[in-house]
Each structure stands twice: as structure tokens, then as C-alpha cells.
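Novice:
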Amino acid sequence: MTLADKDEGWSEVNLPFTFPFYGVDNTTVKIAANGFLSFGAIPGSNWENKAIPNAADPSNFIAPFWDDLDLSFKGAIHSYHDSNANRFIVQYTDVPILQGTFDTGFTFQVILSPNGEILMQYNNLVGNTNSTTVGVENAGGSVGLPVVYNAAYLKNQHAVRIQPPLPPACGWLSSSPTNGTVSPGNNAAISVGLNASGLSEGLYECNLIITSNDPDESPLFVPVKLTVGNSAQQTVIVPVTGWYTILSMPVAMPDSSVGAVYPNHVPDPNITTHFTRGVGYWISHPTTQNVSITGTPINTLTLNLFAGTNNLIAGPTCDIQVSAINDPNNIIQEVWENSLTGGWVQTTVMKPGRAYYVTASQAGTISMNCSGTRFQANDHLRILRSQILSESPGLVISDALGMKQRLHFSVDFEQYDNMPNPKLPSLDMLPSGLFDARFRGGYGATSGTEATIDIQAAAYPLTISAENLPFFREGGIYIEELIGENVLARHELQEGRSVTISNHLVKTLRLGQTGSEVPEQFQVMQNFPNPFNPTTEIRYILPENSSVSVTIFNALGQEIRKLFAGKQEAGIHSVVWDGNNEMGQPASSGIYLFRINTGKHQVTRKMILMK
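Here this note's numbering is used: the first residue of the sequence shown is 6, the next is one more, and so on.
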């Protein structure tokens with residue numbers, strides 16, 4: 006984001022949804038250099054933070070970190086629409102206070118949701134946090150919710166959530182049990198009851214709210230929908246693109262031929278002529294259109310999955326939250342959607358009429374039910390992995406037809422070392438001629454600083470743009486055009502500028518980073534992978550020769566195993582835990598801690614062993 010005045014300036018952007026704030030629906034927001042967002046007027050001088058509420062401008066604002074910030078010498082502000090979770094994210098990255106430009110830097114986010122929820126997340130705060138204002142205030146400056154004013158409160162890796170008033174309780178919705186205990190790494194079933202007695206025909210919506218005493222976990226809102234009315238016949242509107250779309254039969258019909266379900270499709274006998282319930286197919290249409298399909302609702306489905314990425318499945322005649330899939334053996338790892346114009350993206354909701362590639366850790370059976378909701382231990386981890394990807398640096402690669410793919414990578418050794426590395430659905434499952442871009446090996450993300458990207462069947466020229474790039478004191482990110490091993494050209498990537506590749510012989514790209522150095526301070530990275538089974542790697546950086554111990558503890562603080570104890574030279578080091586205790590016996594699933602102690606420094610981090 007570019008500001009004309011990097012000290013007192015602001016930029017107004019469109020919101021991807023209507024955001025309610027103190028009873029007013031907003032479609033735009035002003036993002037200020039001094040650490041706040043406003044839906045109203047911003048005075049020319051806004052550096053001096055004030056207590057909340059306050060009648061003076063600015064008002065009608067959200068303040069994650071209102072202080073005299075200055076981007077003149079370093080730091081950046083980015084905004085991003087997370088379309089999967091439907092959130093609007095504003096991130097301030099390494100932004101300093103005016104009087105401490107080279108000694109301070111604050112990285113934090115404010116996340117807006119369509120229901121009015123506000124989440125403020127604080128990643129790395131270097132400098133004085135005693136002179137900031139955090140909170141929200143209405144348009145008149147008469148009502149506000151202060152979190153802190155000029156006091157020590159904010160900390161690294163902490164968050165502040167501000168929620169709108171919850172809707173009245175839904176009398177038609179019940180759950181059992183209403184409370185209980187779940188041991189680390191395990192799951193529990195929640196039965197949901199729906200009672201339509203006394204309700205008129207129509208759609209009823211509510212949230213099942215799941216909370217826990219884990220301070221690191223936020224409340225989970227599970228949407229529940231109840232349709233009251235005649236279910237003998239139901240019509241589903243399915244949007245299709247003017248090319249190939251992964252489709253399914255959303256309702257039961259007497260004639261299951263592709264022509265009966267999608268009358269305007271382009272026949273392709275190499276794919277299928279008839280639908281099988283719960284299975285998806287690549288179906289082509291001549292133009293983008295909405296298809297109306299009427300039949301008997303499919304309320305339940307039971308499907309068999311095999312290990313790998315090539316399970317192309319469809320849901321019943323309702324929206325199915327991925328967290329609502331009954332997966333008793335926790336075999337589902339990712340659920341992929343291909344929108345063609347948006348490429349491969351992980352989804353949290355399965356729509357009727359569409360179909361999705363499911364990655365399964367092993368063969369097994371899953372089921373879906375339009376009247377049931379289930380949340381399992383690994384669902385939050387799956388959602389969290391998707392969120393980490395959406396907030397990490399990325400490339401958007403587009404061809405001349407407008408088809409695109411978003412890939413993610415790591416440039417910060419500490420911040421993104423635990424970035425997920427999902428494997429995309431196999432190219433063998435795609436119709437010939439479809440655009441595809443992925444990291445070598447079939448991955449959608451990489452945790453390294455150099456990687457190869459393979460391009461398939463693209464219409465040239467290609468356009469490449471970068472997003473969520475951090476601030477670089479020196480060096481940066483580049484893309485190389487390759488034919489075989491020969492480098493044709495190198496392009497430096499900058500956010501806001503695109504790179505064009507016109508040579509149709511270029512089917513391989515190389516992503517790299519220049520000017521990267523080992524940090525001159527003690528650092529401990531999150532173990533990778535996390536969660537893990539059966540092994541995980543723990544990496545750390547020593548700025549000087551040190552006596553080091555690496556120890557594993559269980560959630561009760563009991564020592565499980567000492568992985569290393571001895572002297573090590575300055576540099577980057579790693580140890581691997583194979584999931585066994587000191588006696589060589591496998592540890593059980595659950596939460597574990599690893600602690601690295603050098604005498605001068607001691608860091609403890611949490612990890613999850615999932616079997």
C-alpha cells in the first residue's frame with residue numbers, strides 16, 4: 006500500500022463485504038499510517054494518540070496500535086481479502102515509531118469479518134508499547150471500548166478479539182453434551198438437535214459456539230442452517246465457467262446423464278456420460294452461466310476414500326462445512342477447490358453441484374449429513390494451516406486467458422518456518438489443455454528460499470505478481486525464466502508491479518532470494534512439520550559458540566527425552582525427534598513441549614504429535 010504522506014497519511018480502500026460498525030454498514034475504510042483504521046474523517050495531524058472515547062477527531066475508528074508511527078525509512082502496510090475465510094486483513098509490518106526509526110519495529114494485524122468481529126493480532130513488537138491506544142470508538146466519539154491507553158499491555162504472539170453482540174438464542178437448536186473434557190490430540194462428538202415445531206416455512210440460521218479453556222484457541226463458530234418446508238423437490242443453482250468446471254449431480258434425478266443434469270454442456274465421452282452420486286467430473290460449457298437443477302434432495306452420503314490426493318468427491322444437497330464431515334479416523338488432510346480463474350485453493354465449505362479433490366492420509370470411509378454437524382480435533386489445525394498460507398508471501402501466476410494460480414513461499418527464516426506445504430491434486434486428474442502452475446513435486450507452497458515452478462498448458466504471455474512481501478533491508482525476491490537449465494532472464498519482484506513472460510517455450514521458473522543472511526541473534530524456529538507423525542525437525546540459530554541442551558516434555562511438564570546436550574559452534578543447527586521417549590518407546594498422541602537452553606537463553610515451544 007502506497008501512502009503520499011508516510012508519517013501522517015492514510016489510504017482509503019474498498020471492503021470486500023459490508024462491515025457493520027456501531028450500527029452503520031460500511032463499504033470502505035481508511036487505513037492510517039499511525040496504526041488505526043477509520044470509517045470517518047481523519048485530521049491532517051493524527052500522530053498524538055488519545056484515550057477512548059474522545060470527541061476529537063479521529064473518531065469512528067478501530068485502533069490496533071495508535072501511536073506516532075512513521076514509514077518514511079522502513080516498514081510497510083498491506084491489505085488482503087482472505088476469500089476462503091471471507092476476512093479482510095490489514096497488516097503493519099516492521100513499522101517504527103517516529104523517534105526510534107532504526108531501533109523499533111512493530112508487526113501486527115487487524116482482521117475484519119462480515120459479522121462485525123474485529124481481531125487484532127500482535128506478531129513482533131520491538132520498542133516501547135507504553136504510549137499506544139488500542140480499542141474502538143463510534144462516530145460521535147461518545148462511546149468506545151478501550152483496551153489500553155499509554156500503559157504496558159501488548160505482548161508478542163498475543164491477540165485481542167472484539168465481538169459484536171451475539172444474536173438471540175435459537176430455540177430450535179440444541180446440542181449434547183453441553184460441556185466436557187477432551188484430552189490432547191483426541192476428539193469428541195457433539196450431537197446437534199433441530200426442532201421445527203411451531204416454525205413457519207423458510208430458512209433459519211444460527212451458530213453453534215464451541216469454547217475451551219485453552220488460551221491459545223479462539224471460540225469456534227459452526228454455522229447451522231435449518232430449512233423448513235416441502236422437501237419433495239428442491240432446485241439448486243450451480244454456477245459454471247465457460248471452460249471446464251468440476252461438477253456433480255446436486256439432487257437425485259430419474260435421468261443421471263450429463264445432458265439431463267447440465268443440458269448446455271459440451272459433450273466429452275472421455276470424461277463421463279452419466280453421473281454417479283457423490284462423485285465429481287470435469288464438465289465443459291461454452292459460456293459462463295448459472296444452471297438450474299431440480300430433483301429430490303440428497304440428505305446423506307457415505308463415501309470411500311483412498312490414500313492420496315486424487316479423491317474427487319461431491320457433497321449432498323446442502324452446504325457442508327468441512328468440519329461437519331464425519332471422519333472417524335481423521336484421514337482428511339485438505340479439501341481442494343479449482344475455480345480455474347482462481348486456481349487451486351483450500352476450501353472450508355462444500356457447495357451442492359460442485360466437486361472437490363480430497364487429500365487423505367490413508368484409505369477409509371467418510372460420511373456427510375445435511376442435518377448433522379461435527380467438529381474434530383484436526384479441523385482447527387486444517388483451518389489454521391489454510392490461514393497461515395493466506396497470510397504468507399505469495400505469487401499469483403496468470404495466463405493470457407485469465408486463468409491463475411496462487412503459490413506461497415517463505416522468505417523469513419523464523420516467521421514462516423512452520424508454513425504448511427500442501428500437495429496439490431495430481432496433474433493426471435486434469436483434462437488436457439488446462440492451465441496449471443505448481444512447485445516442483447506438485448506442491449502449492451515451499452518453505453525454502455529457492456524453488457522450481459512448473460507451468461502446464463498456458464496461453465502466453467504469463468503475468469506474475471507478488472503479494473504479502475515483507476520489508477527487505479537488502480536483497481529481495483526474484484523469478485528466473487528457464488529453458489532446460491539455461492536462464493533466459495531474471496526479474497526482481499516488487500509488490501504492486503507485475504512481470505510479463507512472453508516466450509512460450511518457458512515452461513519452468515525458478516524462485517530465489519538475494520542478499521539473505523543468517524540473523525545475528527539467538528533464534529528458535531517452530532518445529533516442522535507441526536502437527537507431525539512420526540518425525541519432526543527442530544531448528545535454531547546460535548550467534549556464538551554455546552553449550553546447548555534440547556529437551557522434550559509432555560503437557561504436564563514431565564521430561565520425555567533429551568535430544569541433545571553438548572557444545573555447538575555458532576550457526577544454524579537442527580535436531581530430529583522421532584516421536585519416541587528415552588526408552589525408545591513411541592509417545593502417545595498429544596501436545597508436547599521442546600525446550601532449547603544455551604545458558605544465556607531458554608526458549609520453550611509447543612508442538613503436536615498426531616497419530
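Even for Gly, the Cβ is constructed at its ideal location relative to N, Cα and C.
Express the C-alpha separation of residue 147 and residue 28 in angstroms, rounding to a whole number.
Specialist: If you take the alpha carbons of residue 28 and residue 147, they lie about 14 Å apart.
Novice: Just mark residue 519 as buried or exposed, buried being the case when its beta carbon has 16 or more other beta carbons within 10 Å.
Specialist: Result: exposed.
Novice: How big is the Cα-Cα spacing for residue 25 and residue 580?
Specialist: Taking the straight line from one Cα to the other gives about 49 Å.
Novice: Can you tell me where the alpha helix (DSSP H) holding residue 264 begins and where it ends?
Specialist: 263 to 266
Novice: Where does residue 76 sit, in a helix, a strand or coil, going by DSSP?
Specialist: coil
Novice: Looking at C-beta atoms only, is the number of pairs between the stretch 277 to 290 and the stretch 299 to 314 that lie closer than 8 Å three or more?
Specialist: yes
Novice: What do you reckon, are the CB atoms on residue 141 and residue 150 nearer than 8 Å?
Specialist: Going by C-beta atoms, residue 141 is nearer than 8 Å to residue 150.
Novice: Is the beta carbon of residue 493 closer than 8 Å to that of residue 359?
Specialist: no
Novice: So, does the stretch 245 to 262 touch the stretch 339 to 355, judging by three or more C-beta pairs under 8 Å?
Specialist: Verdict: yes, contact present.
Novice: In its own chain, which residues sit with a C-beta less than 6 Å from the C-beta of residue 603, not counting the 5 before and 5 after it?
Specialist: Cβ within range, chain order: 551, 553.
Novice: Exposed or buried, residue 208, counting other C-beta atoms within 10 Å across all chains shown (16 or more means buried)?
Specialist: exposed
Novice: Under 8 Å by Cβ, that's how I've got residue 481 and residue 190 pegged, so tell me the actual separation to the nearest angstrom.
Specialist: In fact, because the Cβ distance is near 41 Å, the residues do not count as touching under 8 Å.
Novice: Measuring CB atoms only, is the stretch 455 to 472 touching the stretch 316 to 323, in the sense that at least three cross pairs come out at less than 8 Å?
Specialist: Touching, no.
Novice: Quick one: residues in its chain with C-beta nearer than 6 Å to the C-beta of residue 179, no 5 flanking neighbours on either side, listed in chain order?
Specialist: 198
Novice: Who pairs with residue 300 in a beta bridge, going by DSSP?
Specialist: 239
Novice: Have a look at residue 562 and residue 325 and give me their C-alpha separation to the nearest angstrom.
Specialist: When rounded, the distance between both Cα atoms is 39 Å.
Novice: With DSSP as the reference, please indicate the residues paired to residue 548 in a beta bridge.
Specialist: According to DSSP, which records beta bridges pairwise, residue 548 is partnered with nothing at all.
Novice: Decide if residue 32 is buried, meaning its Cβ has at least 16 other Cβ atoms within 10 Å, or exposed.
Specialist: exposed
Novice: DSSP state of residue 37, grouped into three classes?
Specialist: strand
Novice: Return the residue from the list 323, 368, 11, 348 that minimises the CA-CA distance to residue 335.
Specialist: With distances taken between Cα atoms, residue 335 lies closest to 368.
Novice: Start and end of the beta strand (DSSP E) containing residue 88?
Specialist: Run containing residue 88: none; DSSP gives neither H nor E here.
Novice: Which partner residues does residue 211 have in the DSSP bridge list?
Specialist: 229
Novice: Can you find the residues in the same chain that come closer than 7 Å, C-beta to C-beta, to residue 50, ignoring five residues on each side of it along the sequence?
Specialist: 13
Novice: With a threshold of 7 Å (Cβ to nearest heavy atom), would residue 119 be considered close to the ligand FAD?
Specialist: Because no ligand of any kind appears in the structure shown, any question about the ligand FAD cannot be addressed here.
Novice: Can you name the start and end residues of the beta strand (DSSP E) that residue 517 belongs to?
Specialist: Boundaries of the beta strand (DSSP E) around residue 517: 513 to 519.
Novice: Look at the alpha carbon of residue 46 and the alpha carbon of residue 82, and state the distance between them as a whole number of angstroms.
Specialist: If you take the alpha carbons of residue 46 and residue 82, they lie about 20 Å apart.
Novice: Is the Cβ-Cβ distance between residue 109 and residue 132 less than 8 Å?
Specialist: yes
Novice: Following the continuous beta strand (DSSP E) through residue 409, name the residue where it begins and the one where it ends.
Specialist: 409 to 414
Novice: Measuring only the C-alpha atoms, how far is residue 89 from residue 536?
Specialist: Rounded to whole angstroms, the gap between the alpha carbons of residue 89 and residue 536 is 22 Å.
Novice: Answer with buried or exposed for residue 78, where buried requires no fewer than 16 other C-beta atoms within 10 angstroms of its C-beta.
Specialist: exposed
Novice: Taking contact to mean at least 3 C-beta pairs separated by less than 8 Å, is the stretch 51 to 59 in contact with the stretch 150 to 169?
Specialist: By the C-beta criterion, the stretch 51 to 59 is judged to be in contact with the stretch 150 to 169, since at least 3 inter-stretch pairs fall below 8 Å.
Novice: From residue 70 to residue 607, what does the alpha carbon distance come to, in whole angstroms?
Specialist: 29 Å
Novice: Can you list, in chain order, the residues of its chain with a C-beta nearer than 6 Å to that of residue 41? Leave out the 5 residues immediately preceding and following it.
Specialist: The residues 66, 68, 71, in chain order, have a CB closer than 6 Å to that of residue 41 in the same chain once the five nearest residues on each side in sequence are set aside.
Novice: Near residue 292, what residues of its chain come up, given a Cβ to Cβ distance below 7 Å and the 5 sequence neighbours on each side ignored?
Specialist: 247
Novice: I need the DSSP call for residue 188, collapsed to helix, strand or coil.
Specialist: Looking at residue 188 - three-state DSSP - the assignment turns out to be coil, as it is neither helix nor strand.
Novice: The beta strand (DSSP E) with residue 15 in it runs from where to where?
Specialist: 15 to 26
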